[in-house]
Each structure stands twice: as structure tokens, then as C-alpha cells.
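This report concerns only the one structure given below.
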Amino acid sequence: MTVNKTVLVIGATGNVGPPALSRLVEAGAPVRALLIKDDPNADRVPDGVEVFHGDLAEPDSLDDALDGVDAVFLMWPFFTLPVSTAPEVLAKIEQHARRVVFVSSVGVHIGLERRDNNCHAHLEELLEKTTLEWTFLRTTGFMANALGFAGQIRAGGTVHFPYGAAARTSVHEGDLAAVAVRALLEDGHAGQKYLVTGPEVVSQKEQVHIIGEVLGRSLTWQDVLAQDARDQMVASGWPPAYADGALDYFAQLTKEPEVGSSVVEEVTGEPARTFREWAVENAARFR
Ligand SMILES: NC(=O)c1ccc[n+]([C@@H]2O[C@H](COP(=O)([O-])OP(=O)(O)OC[C@H]3O[C@@H](n4cnc5c(N)ncnc54)[C@H](OP(=O)(O)O)[C@@H]3O)[C@@H](O)[C@H]2O)c1
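Going by our numbering, the sequence shown opens with residue 352, and the numbers climb by one from there.
Quick look at the structure:
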């Protein structure tokens, strides 16, 4: 891997940013993290990373962070930020960097996301119009999404959510970060639209059973009405259209399991981690 590339990580305090930063530091790359001012999660940024302040909502605020950068790890916080500033943000990146690795979604890969719905497909389309060397990581659900069940697991033995049989190939967010780092530092990934998945099909209900086995507790799954879950998701901050999209997709996955890929192993040389491995690493968060 070429380690003399300076990389800026956007979304540095999220699920994927911190493991990506750690791997970039390990690789010896000069690495920067973009944080909004007074970010309450700043302690998630590992040592050895240069912190810059900036906000995707204010493209001019990105100039300092981008000055002298070769490659950018880009995710868009669709839940909390409209895409109206995305064209200006991409223009800024284009002024400074040559390469972008963008966290996209399986929804684009399988044609579920329309290009005009202001989500991952829209960002992909904008990136395709730039002169940047882009790589899209069309990822399945993160294993970290199971943390959404942590409150119910800590409080009792039953998880209430719709579509327990939804069969997913969820990906370890550290594996997604590892693919991203390869694409940021190595040549040969430009123009790729990688479907990034975990190594196996595990239903939502099976995920909860695995967490129970790791904790040494008996956990059960109780399917509830999608409408009830939707109300709770929206109350907890999900934009209604995204809650509907996710629940419709889960319904579809009860009939037709997600299809996995071997991208993690092909790109990183390491096997993709299983959900059980993720549960062991994160057991403390369910206790
Ligand atoms: N979860 C899934 O299953 C899944 C599946 C497919 C695709 N994706 C995509 O993956 C991406 C999510 O990645 P993630 O889970 O690592 O992120 P995340 O945990 O949702 O975190 C969002 C990150 O963006 C930062 N951020 C929020 N608003 C910002 C702004 N205005 N300017 C600059 N930074 C800002 C947040 O900072 P603070 O919160 O610290 O302020 C945080 O670091 C999203 O684009 C999502 O659509 C997710």
C-alpha cells in the first residue's frame, strides 16, 4: 500500500470512521479527521490523527481540512443532513483531492434506490459527474445495527421488532473500513462499485440468538407490527421515508435472502468476520 497519501476521513466519529482511522494510522498514512465543532464524540478519534473542524452543511468550512489532501473517505449523514450542499462539497473535494471512497448502499446495487430519492444513488450520480477517481462501497447493513436491540436485551429477554426472518448478509463495520482503506491507499480500485457484505446469511432473529449465546442468556424474538416499529423509528429520529424503505426491505428479505459477496476477502486478503465474532467483540454493550 502507498502510505504517503494524505487522507481525510469524513464521518470520523461514526461506525466506520474510527476503524478506518485506526487502519490508516497503522498503515503509516498522514491522516486527518473532519469533526464538527464541539463534537461530543471527539474521543472516538484515535491517537495519531490530525483533527480539523468543518461541517458538510457549510462547504467553505472544509477548505483547511482539504488543503493538501490526496484522498477522501466520504459518507453522507443522510438521516440528519439534506443533500442540498453535496454538489458544493464534491466541488471542494475535486479542487483538492484526486480520489474519493464513498460509503453507498446495497439498495443501489439491487436497484431499490432511485437516483432521484436524495440518498446514496443520488450521491453516486453526483460523484460520477466529477473528475475524481471514485470507488463506491455498496454495503449491506452494518452488524452494529444490532446495537439498536441493546436496550431491549439489557432490559429483558425478548427483542420486539418486525421481520425476525429477514435474512441479511450484514457486514462488520471494521471490515468495511478495511476495504475503504485499501481503496484509499492502493491503486486499482477506481471506478469500482463494490458490493461489500459479511460472509454468511444470518436473520435478525438469529442475530439475537447469537448475542444470547455469547452473553450466556436465553434471548427470544417477538415479531411486532411494522407500523408500530415505524412509529418508534420515526419518533427516534428516522426520516419517515427511510423508515418505510428499511421496513419494506426487511419484509422482502423474509422471502428472498440477501446475496453475499467475497469483496472483503478479495480486497483485504482477510476473511470477512462473522456475526458471532462481532457479538463477542461487542458483548459488553449488551450487558
Ligand atoms: N447502517 C447501515 O446499515 C448502513 C447500510 C448502508 C449504508 N450506510 C451508510 O453508511 C453511512 C453511515 O456511516 P456511519 O454509520 O459510520 O455513520 P454514523 O454512525 O451515522 O455517523 C455519522 C457521522 O457523520 C458525522 N456528521 C454528522 N453531521 C455532520 C455534518 N454536518 N458535517 C460533518 N460530519 C457530520 C457524525 O458526527 P457526530 O455524530 O459525532 O456529530 C458522525 O461522525 C451513511 O451514509 C449510511 O447511509 C449505512
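For every residue, glycine included, the Cβ atom is placed at its ideal position computed from N, Cα and C.
query = Considering residue 612, what are the terminal residues of the alpha helix (DSSP H) in which it resides?
reply = Careful: residue 612 lies outside any alpha helix (DSSP H) and carries neither H nor E.
ask   = Assuming residue 374 contacts residue 529 under a Cβ cut-off of 8 Å, what Cβ separation, rounded to an integer in Å, is found between them?
value = 6 Å
query = What residues in its chain sit with their C-beta under 6 Å from that of residue 540, if we drop five residues either side in the sequence?
reply = 486 and 534
key: Rounded C-alpha distance that separates residue 482 from residue 447   = 11 Å
key: In DSSP terms, what residue 359 is bridged to   = 383 and 423
message = Let me confirm a value: residue 573 is counted as buried when at least 16 other C-beta atoms fall within 10 Å, else exposed. Which label applies?
response = exposed
key: For residue 409, the residue or residues it bridges with in DSSP   = 406
query = Taking Cβ positions, are residue 625 and residue 550 nearer each other than 8 Å?
reply = yes
ask   = How about residue 478 and residue 459: do their beta carbons lie closer than 8 Å?
value = no
ask   = So what's residue 546 in DSSP terms, helix, strand or just coil?
value = Correct three-state label for residue 546: strand.
request  = Could you tell me if residue 389 is buried or exposed, where buried requires 16 or more neighbouring beta carbons within 10 angstroms of its beta carbon?
outcome  = exposed
request  = Return yes when at least one heavy atom of ligand 3 lies under 7 Å from the C-beta of residue 631, else no.
outcome  = Questions concerning ligand 3 fall outside what the structure shown contains, since the ligands it does hold are ligand 1.
task = Can you have a look at residue 638 and say buried or exposed, based on whether 16 or more other CB atoms are within 10 angstroms of its CB?
result = Exposed: under 16 other Cβ atoms inside 10 Å.
key: Inter-residue CB distance, residue 395 and residue 360 (contact presumed, cutoff 8 Å)   = Between residue 360 and residue 395 the Cβ distance is about 11 Å, and since that is not below 8 Å, they are no contact.
key: Closer than 7 Å: residue 368 CB and nearest ligand 1 heavy atom   = For residue 368, the Cβ falls inside the 7 Å cut-off from some heavy atom of ligand 1.
request  = Decide yes or no for the touch test of the region 499 to 514 against the region 455 to 472: beta carbon pairs closer than 8 Å, at least 3 of them.
outcome  = no
task = Would you mind working out which of 591, 472, 617 and 627 sits nearest residue 647, comparing C-alpha positions?
result = What the structure shows of the chain is the stretch from 352 to 638, and residue 647 is not part of that stretch, so it cannot be assessed.
ask   = Whose C-beta lies closer than 6 Å to the C-beta of residue 399 among residues of the same chain, with five residues either side of it excluded?
value = Excluding sequence neighbours, residue 399 sits near 376.
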